[in-house]
Amino acid sequence: MKTNRIYIVFFAVLFSFNLFSTEIIAQCGDFLGNRTFTHLNNCYSENWVLEFEDNFDGGQMDAQWLSNYPYTNMRGLAVYKLSNLKFVSQSSNTVNSATGVLQILSKAEPTPLTGWKYTNSGLEYESGYNFSSGLIHSKDDLFSYGKYEIRCRIPEGNGHWPAFWIFGKNTPTWQEIDFFEFNFENFPAQNDVIKMNSHYNPISQDDDPNKKSCSRSYSNGTDFSKGFYTYTCIYSPTEIKWYLEGNLIRTVYKYLNFQGVGISCSNLRINTPYIINAAFPPGVLSNLIISNRIALTNVDVASVYEIDYVRYWKNVQPNPCGQNATVTGSFTGNFGTNGNSQKVDYLTFNQNATLYGSSSVAASNKIVIQPNTVIKPTSGNYFHAMIDPNLCGQKLRTRDTTNNNDLEKSLEEKVIIEENIFTIYPNPNTGQFNIELKIDDVNALIEVYDLMGKQVFTQNTNETIKKIDISDQPKGIYLVRITVGIEVFNEKIIYQ
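Quick note on my numbering: the sequence shown kicks off at 306 and runs consecutively.
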């Protein structure tokens, strides 16, 4: 068994007891706000480094796994309620066999069990549970962006709910990605349909109207309970990609254009507004779960969810810098800028260096131009020198119109600090609304565009509160763009 790190992982199989129609497309068009990038990092190539692996070949569960239900503190029996169905999650239903396969069981119990019920007032002991299930989850919350993979065989028959997912249980928000789920409350069982979900509630961990979900199903006619298959998911700051047997079957984007089309990292542009997918989790540390739960009372037989291995890789990028450069002699062209791989912390133009034509240079920390350096662009050309902290992974502070304090504050997330510098009200409105600017020395350009890109309003203002009237335009969704200096902010309004 190879176990390199300790992480939290949940794998689950559930039995469905009550027939329930599952929503296949859940609010995938909702958005959290708008974002305009004032700086974009490079879109990193894939450089996967294995961080976690368990082949389950030791005949005994490793210490990095727990087998209690993760939302209680009990290690033994823990109750899970689904609609009117109640079942017990117990550690004895998780077996690490000597053959190198983890088995997670769900079954009907001939004698009712007792367990702990999680209520608003705490844990209460309760009896009368006719079903039991099993799961494992990682001991620590250390999973985030990266590549996840499992090779497994789901159980046969009705009433089983196998799943493989991550969940940020120690955050104040609901952040979940289901790498796969099967069946839930489907009857008869649909073991040929893979369900893939992303969920995000920026306000709380409650399943309330603030929670947004984006779900899709995939089927190629294969009964996945008949053999072992490999399921892979790659989670990055801008995309979530699901794979079956190495073949891409679904992509979810964090950023979309105003026609609702997803934008990949390499196609994001500076000073261009994008819609943020409200169901895209922002990358907090999560735990990994493998579960086999029950969802229907008409369970056929005891189910066995078999896992061959589980793995997790991080996309590790080498530091592009850590070195200095000196320019001597004649120089024309680009150095350290986009499209050029020579990125340095310090750049020095030595004495008697001469720059002709158009030149653009960049460094992450310092540019030194020594005496007697000649900068002599020819007619119509330019010399451009720039200090760019992001060249070498240093933090950059920018502004963004999204007011979402739960976003991970990291360079990989691209926008380090988020501020709401203006308020639009009322929104929705009847074509007349106010913009309140919350900045000093107001000198702003306000523009309003329809979804076809047509400008319907433009005006410079130095007022703290500006009244806008577009009631002569057709009702619909409009984009308000506010430019303050070199910074651009965007927000959507609804004219109804």
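Cβ coordinates follow ideal geometry from the N, Cα and C atoms, glycine included.
Beta-carbon gap between residue i and residue j smaller than 8 Å
{"i": "L742", "j": "F727", "result": "yes"}
{"i": "H442", "j": "I594", "result": "yes"}
{"i": "N592", "j": "F472", "result": "yes"}
{"i": "T543", "j": "Y560", "result": "yes"}
{"i": "E792", "j": "V785", "result": "no"}
{"i": "G451", "j": "N582", "result": "no"}
{"i": "Q778", "j": "V761", "result": "yes"}
{"i": "Q408", "j": "E550", "result": "no"}
{"i": "T537", "j": "Y614", "result": "no"}
{"i": "D446", "j": "L590", "result": "yes"}
Exposed unless 16 or more other CB atoms sit within 10 angstroms - verdict on residue i
{"i": "T404", "result": "exposed"}
{"i": "Q480", "result": "buried"}
{"i": "Y730", "result": "exposed"}
{"i": "Q369", "result": "buried"}
{"i": "D511", "result": "exposed"}
{"i": "M501", "result": "buried"}
{"i": "Y385", "result": "Because the pLDDT of Y385 is 43, which lies under 50, any placement of that residue in the model is unreliable, and the number read from its coordinates should be weighed accordingly. With 16 or more other Cβ atoms within 10 Å, it is buried."}
{"i": "N765", "result": "exposed"}
{"i": "D513", "result": "exposed"}
{"i": "T631", "result": "exposed"}
{"i": "I782", "result": "exposed"}
{"i": "G588", "result": "buried"}
{"i": "N767", "result": "exposed"}
{"i": "P676", "result": "exposed"}
{"i": "N475", "result": "exposed"}
{"i": "P493", "result": "exposed"}
{"i": "V251", "result": "Nothing about residue 251 can be reported from this structure: the residues present for the chain run from 306 to 801 only."}
{"i": "T763", "result": "exposed"}
{"i": "N463", "result": "buried"}
{"i": "I787", "result": "buried"}
{"i": "K671", "result": "exposed"}
{"i": "I692", "result": "exposed"}
{"i": "V566", "result": "exposed"}
{"i": "K759", "result": "exposed"}
{"i": "N552", "result": "exposed"}
Cβ-based neighbour list, residue i, same chain, cut-off 6 Å, excluding 5 preceding and 5 following
{"i": "K772", "result": "N739"}
{"i": "E461", "result": "S530"}
{"i": "E486", "result": "A468 and K500"}
{"i": "P733", "result": "I799 and Q801"}
{"i": "S524", "result": "D497 and V498"}
{"i": "T653", "result": "T631 and V673"}
{"i": "R616", "result": "E358 and E454"}
Expected contact under 8 Å - CB spacing of residue i and residue j to nearest Å
{"i": "P467", "j": "I455", "result": "With 8 Å as the limit, P467 and I455 do not qualify as a contact, their Cβ atoms being about 10 Å apart."}
{"i": "V557", "j": "S503", "result": "6 Å"}
{"i": "P477", "j": "S449", "result": "Not really, about 17 Å apart at Cβ, beyond 8 Å."}
{"i": "V608", "j": "L440", "result": "In the sequence under discussion, the amino acid at residue 608 is Ser, which differs from the Val named in the question. Between L440 and S608 the Cβ distance is about 13 Å, and since that is not below 8 Å, they are no contact."}
{"i": "W618", "j": "E356", "result": "6 Å"}
Residues of its chain near residue i, where Cβ-Cβ distance is below 7 Å and the 5 sequence neighbours each way are ignored
{"i": "T769", "result": "E741, L742 and V747"}
{"i": "S522", "result": "I329, V498, I499 and K500"}
{"i": "E351", "result": "N620"}
{"i": "T527", "result": "D497"}
{"i": "V249", "result": "Summary: the structure shown does not reach residue 249, with the chain confined to residues 306 through 801, and so no result is reported for it."}
{"i": "I554", "result": "Y523, W547 and Y548"}
Sequence-distant residues of the same chain with beta carbon closer than 8 Å to residue i, five excluded per side
{"i": "T735", "result": "S776, Y800 and Q801"}
{"i": "N807", "result": "Because residue 807 is not part of the residues shown, which for the chain are 306 to 801, the question remains open."}
{"i": "P415", "result": "none"}
- Item | Whole runs of the beta strand (DSSP E) within the stretch 438–466, excluding any shorter than 3 residues | 451–458
- Item | Minimum length 3: unbroken beta strand (DSSP E) runs contained in the stretch 477–562 | 479–486, 499–506, 517–523, 534–540, 544–549 and 552–558
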